[in-house]
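Notes follow the structure.
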Amino acid sequence: MASLTIGRYVPYNSFIHKMDPRAKLFALIILMVAIFLPYPTYVMSFTIQGIIFLFGVFLLWRSHVSFFRVLKSLAALWIMVIFILIIYVLVPRTTNYPAFDINGFVIYWDSILEAARILLRLVLMIVLSMVLTSSTKPLDLTAALEWYLYPLKLIGFPSHIVAMIISLALRFIPTILDDVERIMKAQSSRGVDFENGHLGTKIKAIVSLIIPLFVSSFIRSDELANAMECRGYDPNAKRTRYRKLHFRAVDFIETFVVLAIFAGCLTLSIMQLDAFKAIWGITTL
Amino acid sequence: MPVKFKKVFFTYSPKSPFEYEALRDINLDLESGKFIALVGKTGSGKSTLVQHINSLIHPTSGIVDIDGFINSGVKKERTKDIKGLRKHVGLVFQFPEYQLFEESVEKDVAFGPKNVGMKEAEAIDKAHWALEKVGLGKSFFERSPFELSGGEKRKVAIAGILAMEPKILVVDEPTAGLDPAAAKDTMSLFKKINEEGTTVILVTHDMDLVASYCDEVVVMENGKVEAQCSPSKLFGRDLSEYSLQNPHIFDFALRLKKRGIDLDMSSIRTTEDLAKAIAKRCKHG
Amino acid sequence: MKNILEVKNLSYTYQGENAEALHDLSFSVPAGSYVAIVGHNGSGKSTLAKIIAGLCSYKKGKVTLFGEELNKNNLPALRKRMGLVFQNPDNQFVGSSVRDDIAFGLENRQVPSEKMDDIILEYATKVSMEKYLDHAPENLSGGQKQRVAIAGVLAMKPELIIYDEATSMLDPIGKKDILDITFGLREENPDLSVISITHDIEEALRADYVIVLNKGKLVLEGKPSEVFAHADTLKEIHLDAPFLMSLIDSLKKEGVDVPSDVDSLEKLEEYLCQ
Chain A
-13 MASLTIGRYV PYNSFIHKMD PRAKLFALII LMVAIFLPYP TYVMSFTIQG IIFLFGVFLL
47 WRSHVSFFRV LKSLAALWIM VIFILIIYVL VPRTTNYPAF DINGFVIYWD SILEAARILL
107 RLVLMIVLSM VLTSSTKPLD LTAALEWYLY PLKLIGFPSH IVAMIISLAL RFIPTILDDV
167 ERIMKAQSSR GVDFENGHLG TKIKAIVSLI IPLFVSSFIR SDELANAMEC RGYDPNAKRT
227 RYRKLHFRAV DFIETFVVLA IFAGCLTLSI MQLDAFKAIW GITTL
Chain B
4 MPVKFKKVFF TYSPKSPFEY EALRDINLDL ESGKFIALVG KTGSGKSTLV QHINSLIHPT
64 SGIVDIDGFI NSGVKKERTK DIKGLRKHVG LVFQFPEYQL FEESVEKDVA FGPKNVGMKE
124 AEAIDKAHWA LEKVGLGKSF FERSPFELSG GEKRKVAIAG ILAMEPKILV VDEPTAGLDP
184 AAAKDTMSLF KKINEEGTTV ILVTHDMDLV ASYCDEVVVM ENGKVEAQCS PSKLFGRDLS
244 EYSLQNPHIF DFALRLKKRG IDLDMSSIRT TEDLAKAIAK RCKHG
Chain C
122 MKNILEVKNL SYTYQGENAE ALHDLSFSVP AGSYVAIVGH NGSGKSTLAK IIAGLCSYKK
182 GKVTLFGEEL NKNNLPALRK RMGLVFQNPD NQFVGSSVRD DIAFGLENRQ VPSEKMDDII
242 LEYATKVSME KYLDHAPENL SGGQKQRVAI AGVLAMKPEL IIYDEATSML DPIGKKDILD
302 ITFGLREENP DLSVISITHD IEEALRADYV IVLNKGKLVL EGKPSEVFAH ADTLKEIHLD
362 APFLMSLIDS LKKEGVDVPS DVDSLEKLEE YLCQ
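Chains as they are written, first to last, in this note's numbering: chain A, -13 to 271; chain B, 4 to 288; chain C, 122 to 395.
Here's what the structure looks like:
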């Protein structure tokens, strides 16, 4: 279960925690796009990723997310890493920069660099998302999401219902994880082995977990629906809002900084500008 | 001495912000063949303690010896025969009806026995035997467990553990949510099983159950064992120091004692006993 | 006195089932009383709660709430005047924290957000949960969650609170807390009516009025001392008599005569110490 709690909210009183979730969500999306824009050379990519990475590290530090937790969540990525390495490095490409030649099997520099670029993107995505999820209460995040979905209401999209569904899902994640643990223990004491065994027994083990989990979740949702109805919830009625979002000066500054970074990245990307060549005249890969 | 705890400590999520020491230096001998109650308020460590008996969790340090099966803080010392242990110790969790998943009652009950190595036919036989034992006759065998009433579902779940013929049966709050008649039924079943030679360990908040069914009671508080004695000895004093309530009978006897009517509490087990003791005092005094 | 709830000749059968869950049930609840409805699982008491809450619509009989016959059209309005607390503490906790959960009902009633913090604090204090306002449900005990549920209901200023086995999943301390809070509320506000569907006989003993159901039918009704005097009838339907009654019963068998006006353990203690 530990891996599932890595991105969870950690209460602190940092300025990042206090920022408007809408500003934070906007920053995350914009920076992600900046990371994924195509840049003319690898070195340019790495430079930009490096700048954003440093920015991310700064945010992590200011929002009191422990670096240990970040490393732990990155460690969970190793399967991904191997997969990417296999695809990009071992599948032969034809370019002019061979790096190694192992008995005629050639690995090219740009395969390695491409794999590195993708890995860096992943790492950045995780770091930035962790800043957001560790410094923002799920409920505030939902409120931000609802705010962004608000224009869709005009075309009949039930953004308030979607937001309620998301916040209920978030509310019940810990409860359902408890259910998972309890059912696993109950089935283990009936002799189920969730770790070892061949495919057949493993499938049976999973079934003995999944079915009771579904049954109890259905009971929960049924009772929850009744309770909500009795407490006067009507999805189509107007509701007031307890948690109000406040966009303050710090949020404007943050949004401005992020937009500035984005504008820079976008310009470099659209013009396919190689800053190293343009300024110092160095040709890079 | 089938179950022996030696210097057992247990900590949840060690070295994390959520670290929590649930058991502290538990030294405990639980004798064979007895009906033992484990009491304490919510969070006192009772459930954590009993999960050690089934090796569902391992001590952070210390040793639990269950009739020769070892559950230890040191991995190498732990028994390899986990299935043997799970067959030896049956653990019925709170609200066990949430572990049912098979399409028929008999299949569900046979699931445990099959997991610990019984052949299909033998497991079904055992299932029938266990179902009869909990009071569910032939007409139930082929039915789906999901169409039964709450009380019947619980009986099926209990049968699922009994079918493995455990030598030690641990039951966690078996009467929670049941109405008084069903609760009485369930407790009489455990009493019968105990009389047939199985050690029964009952985890409960309900002191009335302890007073009427158990030979011995273990009191836990803050992860420590605070007392181990006979129920009447324990209930002869005020239990509010452990945040527990004395059973009604003893509570009333204690109230009379404060007013100068001293009754011999060691002989009291039921309301009738209490009435007899009071009548005796009244006639003599 | 005005009746807050009147049930007349109510019968109910679940879809796809033959047996009636409720059969020709009639009773009334006077405003400001604490009524305990006891019976076994399957006695129909939960069905009754669902009908009163408007979660099941009935066809046979008549249910009158606050003087109006319950139907689809007036249900939302009637619901505003009553609150329900259900059995499972987890499944009625809607918010991600105590604060948000109490706010949920206020949001539904369109209470202006500026006023919410004060209301939340006021009602959280009433159930002694003011120190836990920012706690998430997974860090609260069952009893604490039920207290929050009560706060959420109270914040709606209901005239009637219905407990549908609200204490049956709690430990003894949690149970005692809920009952103490409830009786305290009634002292504070004598107009508040409570209907408690329960199988806790000791709780029923403290009620003003007890209704005993068995197999969908009303078996006994009256003051607790009257109802629980029918030891044989209770035994027949496998209900335990409260400790007080069974002790008096046993004492009488032992030749200790207890006067009939002894209706609490305190009085019995007083009598025995004479």
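Note that beta-carbon positions come from the ideal geometry of N, C-alpha and C, so glycine has one too.
Can you tell which of the options has the C-alpha that lies nearest to the C-alpha of residue i?
i	options	result
E286(C)	Q231(C), N139(C) and S167(C)	S167(C)
L151(B)	F104(B), P116(B) and Y15(B)	F104(B)
D211(B)	D32(B), K260(B), K158(B) and T274(B)	T274(B)
S367(C)	N249(B), D276(B) and D175(B)	D276(B)
D65(B)	V159(B), K9(B) and R146(B)	The question names Asp, but residue 65(B) in the sequence shown is Gly. For G65(B), the nearest C-alpha among the options comes from K9(B).
S346(C)	N209(C), S385(C) and E309(C)	S385(C)
I282(C)	S149(C), Y155(C), G137(C) and Y135(C)	Y155(C)
S249(C)	Q231(C), P258(C), I271(C) and D292(C)	I271(C)
V150(C)	L126(C), I158(C) and E308(C)	L126(C)
L163(A)	E259(C), P233(C) and S147(C)	E259(C)
N182(A)	K158(B), T51(B), K86(B) and F12(B)	K86(B)
V43(A)	I93(A), V109(A), I68(A) and F69(A)	V109(A)
T178(B)	E199(B), V213(B) and R240(B)	V213(B)
S97(A)	I112(A), I73(A), T119(A) and L118(A)	I73(A)
Y(-5)(A)	F238(A), V117(A) and V193(A)	V117(A)
T189(B)	G138(B), K227(B) and D128(B)	G138(B)
K117(B)	L259(B), E80(B), E168(B) and K49(B)	E168(B)
V67(A)	A101(A), K58(A), Y94(A) and I16(A)	A101(A)
K224(A)	K193(C), G165(C) and P233(C)	P233(C)
Please report how far the alpha carbon of residue i lies from the alpha carbon of residue j, in whole angstroms.
i	j	result
S49(A)	N(-1)(A)	8 Å
I172(C)	V128(C)	10 Å
K304(A)	R202(C)	Because chain A spans -13 through 271 in this model, residue 304(A) falls outside it and cannot be assessed.
P24(A)	S255(A)	6 Å
L196(C)	G175(C)	7 Å
G267(A)	L11(A)	38 Å
T241(A)	V29(A)	27 Å
L278(A)	C177(C)	Lying before the first or after the last residue shown, residue 278(A) is absent from chain A, which here runs from -13 to 271.
V197(A)	S217(C)	The residue you asked about is not Val; residue 197(A) is Ile in the sequence shown. Approximately 26 Å, taken between the alpha carbons.
L291(C)	G263(C)	6 Å
S142(B)	E135(B)	11 Å
F424(C)	A278(B)	No statement about residue 424(C) is possible, as the shown extent of chain C runs from 122 to 395 and does not include it.
K83(B)	L99(A)	47 Å
L365(C)	S203(A)	41 Å
G140(B)	E308(C)	50 Å
N212(A)	L195(A)	26 Å
L205(C)	S317(C)	10 Å
Looking only at its chain, what residues have a beta carbon closer than 6 Å to the beta carbon of residue i, apart from the 5 residues adjacent to it on each side?
i	result
C394(C)	none
S(-11)(A)	Caution is warranted here: a pLDDT of 41 is assigned to S(-11)(A), below 50, making its placement in the model unreliable, and the coordinate value is therefore given only provisionally. Once the five neighbours on either side are set aside, the close Cβ partners of S(-11)(A) are A62.
K194(B)	Y216
K7(B)	D32 and D68
G239(B)	M268
Report all residues from its chain with a CB closer than 8 Å to the CB of residue i; omit the five preceding and five following residues, and keep chain order.
i	result
E22(B)	T14, Y15 and S16
Q248(B)	M210, L242 and D254
S289(C)	Q208, T319, H320 and D321
Tell me, to the nearest whole angstrom, how far the beta carbon of residue i is from that of residue j; I am working on the premise that it is less than 8 Å.
i	j	result
I164(B)	V95(B)	5 Å
A184(B)	H359(C)	4 Å
A133(B)	A162(B)	4 Å
R146(B)	V108(B)	5 Å
V119(B)	R89(B)	6 Å
A272(A)	F158(A)	Residue 272(A) lies beyond the residue range present for chain A, which begins at -13 and ends at 271; the question has no answer from this structure.
K37(B)	T202(B)	6 Å
I171(B)	V228(B)	Incorrect: roughly 18 Å between the Cβ atoms, too far for contact.
For residue i, which residues in the same chain have their Cβ closer than 7 Å to its Cβ, ignoring the five residues on either side in sequence?
i	result
M(-13)(A)	Residue confidence is low: M(-13)(A) scores 37 on pLDDT, short of 50, so the model does not pin down where it sits. Its coordinate-derived value is still stated next. Cβ neighbours of M(-13)(A) beyond the five flanking positions: L163 and E167.
I264(B)	R284
Flag this pair as touching only if the stretch 218 to 226 of chain B and the stretch 35 to 47 of chain B have three or more C-beta atom pairs under 8 Å; answer yes or no.
-> yes
Check whether the stretch 336 to 351 of chain C touches the stretch 134 to 152 of chain C, taking contact to mean three or more Cβ pairs, one atom from each stretch, closer than 8 Å.
-> yes
Should the stretch 176 to 183 of chain A be regarded as contacting the stretch 48 to 64 of chain B, the criterion being three or more beta carbon pairs within less than 8 Å?
-> no
Can at least three beta-carbon pairs, one atom from the stretch 113 to 133 of chain A and one from the stretch 145 to 156 of chain A, be found at a separation below 8 Å?
-> yes
For the stretch 212 to 228 of chain A against the stretch 213 to 229 of chain C, are there 3 or more C-beta pairs whose distance is under 8 Å?
-> yes
Report yes or no: do the stretch 133 to 148 of chain A and the stretch 68 to 75 of chain B share at least 3 C-beta pairs separated by less than 8 Å?
-> no
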